[in-house]
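**Q**
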Amino acid sequence: MSDQEYIPKSKAGKWFNDRLPLLTLGAHLTDYPTPKNLNYWWTFGGILTFCLLTQIITGIVLAMHYVAHADLAFASVEHIMRDVNYGWLIRYIHSNGASMFFLAVYIHIFRSLFYGSYKSPREVIWIIGLLIYLLMMAAAFMGYVLPWGQMSFWGATVITNLFSAIPLVGDSITTWLWGAYSVDNPTLNRFFSLHYLIPFLILGLVVLHIWALHVPGNNNPVGIDIKKPSKDTVPFHPYITIKDAFALLMFMIIFAGFVFFSPNVLGHSDNYIPANPLVTPAHIVPEWYLLPFYAILRSVPDKLGGVILMFGAIFILFVLPWLDTSKVRSAVFRPIYRQFYWIFVLDVLMLGYMGAMPAEGIYLVLARVGTIYYFAHFIIVMPVVGLLEKTDPIPMSISEPVLTGGADPALARKDNEKI
Amino acid sequence: MSKEEKKVNRRDFLFTASYTIGAVGLGAVVWPLVHQMNPDKAQQALATTEVDVSQVEPGNSITVLWRGKPVFLKRRTQEEIAEARAVSMSDLPDPQKDEERVKDGKDEWLVMLGVCTHLGCVPLKDKGDYNGWFCPCHGSHYDVSGRIRKGPAPTNMEIPKYEFVDNNTIKIG
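Chains as they are written, first to last, in our numbering: chain R, 375 to 793; chain C, 362 to 534.
Structural data, given as structure tokens:
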């Protein structure tokens, strides 16, 4: 790699770089050869980095005004909203930022699913990404508890009670999580501590995620291995940085739209009622980004079974690289898988909708169908389609379809015939 | 490899002893860090509550907070008791006689944790298909004895430890 050859121009730079090669790292990140056909679905890595930093910065500020005590937390959040200078803005950025973070991460994950970015040699990137996703869910859940409203309290109660489904030790684990005999002040205190910790764990995993990415390099819409650097690549800066910046700007417009025009549309009005351990709200619904898993939990008429399937729905993603038997990465060249992919997307969206509806009647039936299909997609569709599908011919290089006018498989095929 | 090397020697002993002591030491350090999260003495000190029930009319119930959880104290009518006792054991997912859920001679008092055994919500009274409680979170139905009849909850609502201090006072915990 050209990294080793990098020599700082200034004498001071050279002196420093010999002792800590930060400038070499900077040069690596700047020149990093990137496939030249990356589309806008590839800009969400940068957007996610922005989301993480936004949450950390606004979170640190909020922690300067928030009080993690069952008697004071609700009032301190109202204090932030009414008294603290720009407190309303910072809090709305933080609370909507969580939703935007998940919106971006879901697009990022589904991009990976479509273009086969989780496949060899990128399994470790995928797994680290899933760990980040798990930590994000933990952070979001605990953050939602902090305002100590009705949804905070009962959401915390329902989620921590999931652990009581574990045979034998379940109740002890739940009590241990609570630090009391119900969700109470000790629970709030520790959730605040962990909510503050997790973003920094995520930050560490992001470094590993990018490090693991820079070993094989980016996947790309065509999904083929490319030589790096070559005529198929461009340096990360300025080509990718400017594309990422433009996408980020568009994303920020949507983000700001939520913050300034409908800051509560993604929340629940019940959370503006202080926590009351004697009354459960009529409709307990988690935040939108957890709804598909909630639908899976409720679709099983057995407590332990529901919990196992819900966690299983996430953990099955960890073995995805080994469930997918196809040699071809990108769904662009996989006519059968491509259709199943979109059915799967619709299935997850439907499960999300069912999670928001009451678990009865037709909703429950559809949630059950959706749950079965969710698992069937990974356990049956992916291995079988990968083995049986006749894939379209893949181009030899990125330049080939680009120079013949677009990554059209038909054109690629024609070109292949010529060769 | 010669036979000599396979024999346990002083070095093997030192390795095993070091690992063992190391593991014990690690455990001794980790346990306080884990155990600190369990309920502290202040939480444990809240473990009993005395309730005056003289104002509760038959057919009514009150709810009190005990260890952060609601406890339902229901004074049942004779009809409700009869209804609870008429249920066949084979209709119950978690078979338990109504007699086992109340104190002898105090049949009218049902004292139980008002916590759904599914995921911990508070069931609503006088709702559901069995004239008892209904949990709005995930749709569990309980009967007049607080026994699970339908829905995802695995067991009957829990009966806490309690006693009658006198005819009008119940001590929970």
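Glycine included, C-beta positions come from ideal geometry on N, C-alpha and C. It should be emphasised that the depicted structure is a prediction, and the values quoted were computed from it without experimental measurement.
Tell me whether L761 (chain R) is buried or exposed, calling it buried when 16 or more other Cβ atoms sit within 10 Å of its Cβ.
**A** Residue mapping note: residue 761 (chain R) aligns to position 387 of the first sequence, counting from 1. Per the 10 Å Cβ criterion, exposed.
**Q** Hey, would you say V702 (chain R) sits closer than 8 Å to T765 (chain R), going by beta carbons?
**A** Residue 702 (chain R) sits at position 328 when you count from the first residue of the first sequence. Residue 765 (chain R) sits at position 391 when you count from the first residue of the first sequence. Against a cut-off of 8 Å, the Cβ pair of T765 (chain R) and V702 (chain R) comes out as a contact.
**Q** What residue range is occupied by the uninterrupted alpha helix (DSSP H) comprising H402 (chain R)?
**A** Here residue 402 (chain R) refers to the residue found at position 28 when the first sequence is read from its first residue. It spans 396-405 - the alpha helix (DSSP H) in which H402 (chain R) sits, taken as one unbroken run.
**Q** What are the partner residues of G493 (chain C), as DSSP defines its beta bridges?
**A** Counted from its first residue, the second sequence places residue 493 (chain C) at position 132. In the DSSP output, where bridge partners are listed per residue, G493 (chain C) has C:K488.
**Q** Within the 8 Å Cβ cut-off, does W528 (chain R) reach chain C?
**A** Mapped onto the first sequence, residue 528 (chain R) falls at position 154. It does: the Cβ of W528 (chain R) has a partner Cβ on chain C nearer than 8 Å.
**Q** Report all residues from its chain with a CB closer than 8 Å to the CB of L397 (chain R); omit the five preceding and five following residues, and keep chain order.
**A** Within the first sequence, the letter at position 23 stands for residue 397 (chain R). Once the five neighbours on either side are set aside, the close Cβ partners of L397 (chain R) are Y380, P382, G387, F390, N391.
**Q** Under 8 Å between C-beta atoms, does K617 (chain R) make it to chain C?
**A** For this step, residue 617 (chain R) is matched to residue 243 along the first sequence. Output row for K617 (chain R): interface = no.
**Q** Quick check: what's the CA-CA separation for Q457 (chain C) versus L509 (chain R)?
**A** Locating residue 457 (chain C) in the second sequence gives position 96, where the first residue counts as 1. Locating residue 509 (chain R) in the first sequence gives position 135, where the first residue counts as 1. Using only the alpha carbons, I get a separation of about 42 Å.
**Q** Residues in its own chain within less than 8 Å of R372 (chain C) by CB, not counting five upstream and five downstream?
**A** The sequence position of residue 372 (chain C) within the second sequence is 11, counting from 1. Cβ within range, chain order: n/a, list empty.
**Q** Can you pull the chain R residues whose beta carbon is under 8 Å from the beta carbon of D401 (chain C), in chain order?
**A** As a first step, residue 401 (chain C) must be located in the second sequence, where it is residue number 40. Correct list: G553, P560.
**Q** Whose C-alpha, out of R:P603, R:D698, R:T699, R:V519, is nearest the C-alpha of N645 (chain R)?
**A** Along the first sequence, read from residue 1 onward, the residue named residue 645 (chain R) stands at position 271. Comparing Cα-Cα distances from N645 (chain R) to each of R:P603, R:D698, R:T699, R:V519, the minimum goes to R:V519.
**Q** Any residues in the segment 655-667 of chain R with a beta carbon nearer than 9 Å to a beta carbon of chain C? Which ones, in chain order?
**A** Per Cβ criterion, the list reads P655, A656, H657, I658.
**Q** In chain order, what residues of the same chain have a beta carbon less than 7 Å from the beta carbon of K410 (chain R), not counting five sequence neighbours either side?
**A** The count along the first sequence starts at 1 and reaches residue 410 (chain R) at position 36. Excluding residues within five positions, the ones whose Cβ falls inside 7 Å are D606, T607, V608, I772.
**Q** Could you say which of R:K601, R:K493, R:F629 lies nearest to F424 (chain R) if we only look at CA atoms?
**A** Translated into positions along the first sequence, residue 424 (chain R) becomes position 50. Answer by Cα proximity: R:F629.
**Q** Let me make sure I understand the geometry here. Which of R:G631, R:M756, R:P407, R:H583 has the alpha-carbon closest to that of I499 (chain R)?
**A** Taking the first residue of the first sequence as position 1, residue 499 (chain R) is located at position 125. Measuring from the Cα of I499 (chain R), the nearest candidate turns out to be R:H583.
**Q** How far does the beta strand (DSSP E) with R436 (chain C) in it reach, from first residue to last?
**A** Along the second sequence, one-based indexing puts residue 436 (chain C) at 75. From DSSP, the beta strand (DSSP E) with R436 (chain C) extends over 430-436.
**Q** Name the DSSP bridge partner or partners of S422 (chain C)?
**A** Residue mapping note: residue 422 (chain C) aligns to position 61 of the second sequence, counting from 1. Its beta-bridge partners are C:K435.
**Q** Can you list, in chain order, the residues of its chain with a C-beta nearer than 6 Å to that of H499 (chain C)? Leave out the 5 residues immediately preceding and following it.
**A** Sequence index remark: in the second sequence, residue 499 (chain C) carries index 138 (1-based). H479, P513.
**Q** Tell me the residue span of the beta strand (DSSP E) that contains W470 (chain C).
**A** Counted from its first residue, the second sequence places residue 470 (chain C) at position 109. W470 (chain C) -> beta strand (DSSP E) spans 470-474.
**Q** Quick one: what's F525 (chain C) bridged to in DSSP?
**A** As a first step, residue 525 (chain C) is located in the second sequence; it is residue number 164 there, counting from the start. Beta-bridge pairing links F525 (chain C) to C:I531.
**Q** With 8 Å as the threshold, decide whether the Cβ of E763 (chain R) is near any Cβ in chain C.
**A** Translated into the one-based positions of the first sequence, residue 763 (chain R) becomes position 389. No - not a single Cβ of chain C is within 8 Å of the one on E763 (chain R).
**Q** I'd like to know whether the C-beta of P651 (chain R) is nearer than 8 Å to at least one C-beta of chain C.
**A** On the first sequence, position 277 is the one that residue 651 (chain R) refers to. Yes, its Cβ sits closer than 8 Å to a Cβ of chain C.
**Q** If you measure between the beta carbons of G523 (chain R) and P637 (chain R), is that distance less than 8 Å?
**A** Counting from 1 along the first sequence, the entry for residue 523 (chain R) is found at position 149. Counting from 1 along the first sequence, the entry for residue 637 (chain R) is found at position 263. Result no, Cβ atoms of G523 (chain R) and P637 (chain R) do not sit closer than 8 Å.
**Q** For Y503 (chain C), which three-state DSSP category applies?
**A** What you label residue 503 (chain C) is simply residue 142 of the second sequence in a count that begins at 1. Y503 (chain C) falls in the strand class under three-state DSSP.
**Q** Runs of 4 residues minimum, wholly inside the segment 531-603 of chain R: which ones carry the alpha helix (DSSP H) assignment?
**A** Within the segment 531-603 of chain R, the complete alpha helix (DSSP H) runs of at least 4 residues are 544-552, 559-588.
**Q** Quick one: is S501 (chain C) buried, meaning 16 or more other Cβ sit within 10 Å of its Cβ, or exposed?
**A** As a position in the second sequence, residue 501 (chain C) is number 140, starting the count at 1. Burial call: buried.
**Q** Check whether the Cβ atoms of T654 (chain R) and V483 (chain C) sit closer than 8 Å, and answer yes or no.
**A** Translated into positions along the first sequence, residue 654 (chain R) becomes position 280. Translated into positions along the second sequence, residue 483 (chain C) becomes position 122. Contact flag set, yes.
**Q** How far does the beta strand (DSSP E) with K511 (chain C) in it extend, from its first residue to its last?
**A** Counting from one through the second sequence, the residue named residue 511 (chain C) turns up at place 150. Looking at the DSSP string, the run of the beta strand (DSSP E) that includes K511 (chain C) is 509-511.
**Q** What residues from the segment 516-541 of chain R come within 9 Å of chain C, judged by C-beta to C-beta, listed N to C?
**A** For the segment 516-541 of chain R, which is checked against every Cβ of chain C, the residues closer than 9 Å are W528, T531, V532, I533, T534, N535, L536, S538, A539.
**Q** Please compile the residues from chain R whose C-beta is within a distance smaller than 9 Å of the C-beta of T424 (chain C).
**A** Counting from 1 along the second sequence, the entry for residue 424 (chain C) is found at position 63. Going along chain R in sequence order, the residues near T424 (chain C) (Cβ under 9 Å) are L652.
**Q** Among R:L697, R:I598, R:A687, which residue has its Cα nearest to the Cα of M770 (chain R)?
**A** As a first step, residue 770 (chain R) is located in the first sequence; it is residue number 396 there, counting from the start. The shortest Cα separation from M770 (chain R) among R:L697, R:I598, R:A687 belongs to R:I598.
**Q** Would you identify the three-state DSSP class for K792 (chain R), choosing helix, strand or coil?
**A** As a working mapping, residue 792 (chain R) is identified with position 418 in the first sequence. With a pLDDT of 42 at K792 (chain R), under the threshold of 50, the modelled position of this residue cannot be trusted, and the question is left open.
**Q** Quick one: which chain C residues come within Cβ less than 8 Å of W416 (chain R)?
**A** Here the question's residue 416 (chain R) lines up with position 42 in the first sequence. By Cβ distance, chain C contributes nothing, its closest Cβ being about 40 Å from W416 (chain R), past 8 Å.
**Q** Could you check how far apart the C-beta atoms of A444 (chain R) and N535 (chain R) are, in whole angstroms? I think they sit under 8 Å.
**A** Here residue 444 (chain R) refers to the residue found at position 70 of the first sequence. Here residue 535 (chain R) refers to the residue found at position 161 of the first sequence. 18 Å between Cβ atoms; not a contact.
**Q** Beta-carbon within less than 6 Å of A705 (chain R)'s beta-carbon, same chain only, minus the 5 sequence neighbours each way: which residues are those?
**A** The sequence position of residue 705 (chain R) within the first sequence is 331, counting from 1. Closer than 6 Å at the Cβ level, and outside the excluded window around A705 (chain R), lie F488, Y711, R712, Y715.
**Q** Grab the span of the alpha helix (DSSP H) containing D392 (chain R) for me, first residue to last.
**A** As a working note, residue 392 (chain R) is residue 18 in the first sequence. That run of the alpha helix (DSSP H) goes 385-393.
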